[in-house]
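Student:
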Amino acid sequence: MSNVIRKYYNFTMPELPEVRVVVKALNNTILNKKITNLIIYKPKIFKEFSPQYFISILRDKKIEKIDNIGKHIIFFLSEKLVLLSHLRMEGKYRYYLNPPKEIDKHLVARFVFSDNSELHFLDKRLFGTYMLRNLENYNKIPPISLLGLEPKDIDIEALFKKIKNSKMPIKTKLLDQSFVAGIGNIYADEALFASKIHPLSKASDLSLEQLKDIIKNANEIMEKSYELGGTTLFSYESLNKQEGKYQDFLNIHSDSIKKCKVCGQKTLKLKVNQRGTYVCPNCQKVY
DNA sequence: CCCGTGCCCTGGCGGC
DNA sequence: TGCCGCCAGGGCACGG
């Protein structure tokens, strides 16, 4: 089988539970603080406007609320300003009451607050993004307007209509944020494993019941992960390096899981849509 | 419209 | 030990 990958890597990125953990921590930390300065070290991730514009418009704004839609972190600021933050693979936040003098080499930007505490954004690969929006338009234009609903909110019947004619593998659909928001590579694998459905199953070949099962499992798995502080492998950390505990509960998406926890047979690592994909070929059937 | 491919970016790893 | 080149991936642009 040509799509069996023999090299093993352990990478993970923040998905919906991890983003929710970060948002919760931010709400507990920087709410109502006023930004007095923004210091940008890596301008590349500030999109659509110049870094200077970000600095000038964010200065003196108060952080009124932080929320997320799918994997996007949304900072609601005073004067109807909205700042979108996407962590992508390796973006992370750290908060300092007393900021260190030494600058981390991966430091992208420092938000300096009026009490002299600071929120730092770090990103090893500079895949993260910042975008500016306002309260009126932030959910009416991309990227937020393109997002589907999160598994907990989604209408399964409507979702089923979308895959009726889709020849794509079900895993590819689960990773499509306009189909369902928040599922990434780990939880797509975990949800499909829990549902005993092979990731390469053609989306149109699944029944309504099977789709219902996948979304229900995805929601339950991500909810449990959120309660445990998310999955920490290598790349992800919540605010201030706090680690999640869900990695202990992963059933398939890990290089260290060599044998299926259910049937004991050897697990496989495949590529689906360019994404590393873990599967139990015995438990997970191709439809 | 739907789908597949390639790009972005750089740390870390395999290979020598 | 050190250096080189490849690989990881979420979202988007682009082309068929």
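The working numbering puts the first residue of the first sequence at 36, with every later residue one more than the last. All residues carry an ideal CB built from backbone N, CA and C; glycine is no exception. Quick caveat: nothing in here was measured; it's all calculated off a predicted structure.
1. Roughly how many angstroms separate the alpha carbons of Val-57 and Ile-80, rounded to a whole number?
2. Give me, in chain order, the residues of the same chain whose beta-carbon lies closer than 8 Å to that of Asn-200; leave out the 5 immediate sequence neighbours on both sides.
3. Classify Phe-148 as helix, strand or coil using the three-state DSSP reduction.
4. Leaving out the 5 sequence neighbours to the left and right, which residues in its chain are closer than 6 Å to Lys-251 when beta-carbon positions are compared?
5. Might you give, ordered along the chain, the residues of its own chain that have their beta carbon closer than 8 Å to the beta carbon of Leu-181, omitting 5 neighbours on each side?
6. Do Ala-223 and Lys-202 have their C-beta atoms within less than 8 Å of each other?
7. With DSSP as the reference, identify every bridge partner of Glu-153, one or two as the case may be.
8. Between Thr-71 and Ser-120, how many whole angstroms is the CB-CB distance? I'm expecting something under 8 Å.
9. Just mark Tyr-88 as buried or exposed, buried being the case when its beta carbon has 16 or more other beta carbons within 10 Å.
10. Which value, in whole angstroms, describes the spacing of the CA atoms of Lys-208 and Ser-289?
11. Here's the rule: buried if 16 or more other CB atoms are within 10 angstroms of the residue's CB, otherwise exposed. What is Asn-151?
12. Checking 8 Å against the spacing of the C-beta atoms, do Val-297 and Pro-234 come in under that value?
13. Within the segment 77-128, note down every full alpha helix (DSSP H) run reaching 4 residues or more, in order along the chain.
14. Just verifying my parser: in three-state terms, what is the DSSP assignment at Thr-164?
Tutor: The short version:
1. Translated into the one-based positions of the first sequence, residue 57 becomes position 22. Translated into the one-based positions of the first sequence, residue 80 becomes position 45. Between Val-57 and Ile-80, the C-alpha separation is close to 19 Å.
2. Here residue 200 is taken as the residue at index 165 of the first sequence, counted from 1. Correct list, in chain order: Ser-239.
3. Locating residue 148 in the first sequence gives position 113, where the first residue counts as 1. Residue state, collapsed to three classes: strand.
4. Counting from 1 along the first sequence, the entry for residue 251 is found at position 216. There are no such residues.
5. As a position in the first sequence, residue 181 is number 146, starting the count at 1. Excluding sequence neighbours, Leu-181 sits near Gln-212, Ser-213.
6. Translated into positions along the first sequence, residue 223 becomes position 188. Translated into positions along the first sequence, residue 202 becomes position 167. Going by C-beta atoms, Ala-223 is not nearer than 8 Å to Lys-202.
7. Looking up residue 153 in the first sequence gives position 118. Paired residues: Tyr-131, Val-147.
8. If you number the first sequence from 1, residue 71 lands on position 36. If you number the first sequence from 1, residue 120 lands on position 85. Actually they are not in contact, since the Cβ atoms of Thr-71 and Ser-120 sit about 19 Å apart, beyond 8 Å.
9. Position 53 of the first sequence, counting from 1, holds the residue named residue 88. So Tyr-88 counts as exposed.
10. Position 173 of the first sequence, counted from the start, is the residue given in the question as residue 208. Position 254 of the first sequence, counted from the start, is the residue given in the question as residue 289. Rounded to whole angstroms, Lys-208 to Ser-289 spans 21 Å at the Cα level.
11. As a first step, residue 151 must be located in the first sequence, where it is residue number 116. With fewer than 16 other Cβ atoms within 10 Å, it is exposed.
12. Walking along the first sequence from the start, residue 297 turns up at place 262. Walking along the first sequence from the start, residue 234 turns up at place 199. In this structure, Pro-234 does not lie closer than 8 Å to Val-297 by Cβ.
13. Fully enclosed alpha helix (DSSP H) runs of 4 or longer: 86-93.
14. Taking the first residue of the first sequence as position 1, residue 164 is located at position 129. Thr-164 falls in the strand class under three-state DSSP.
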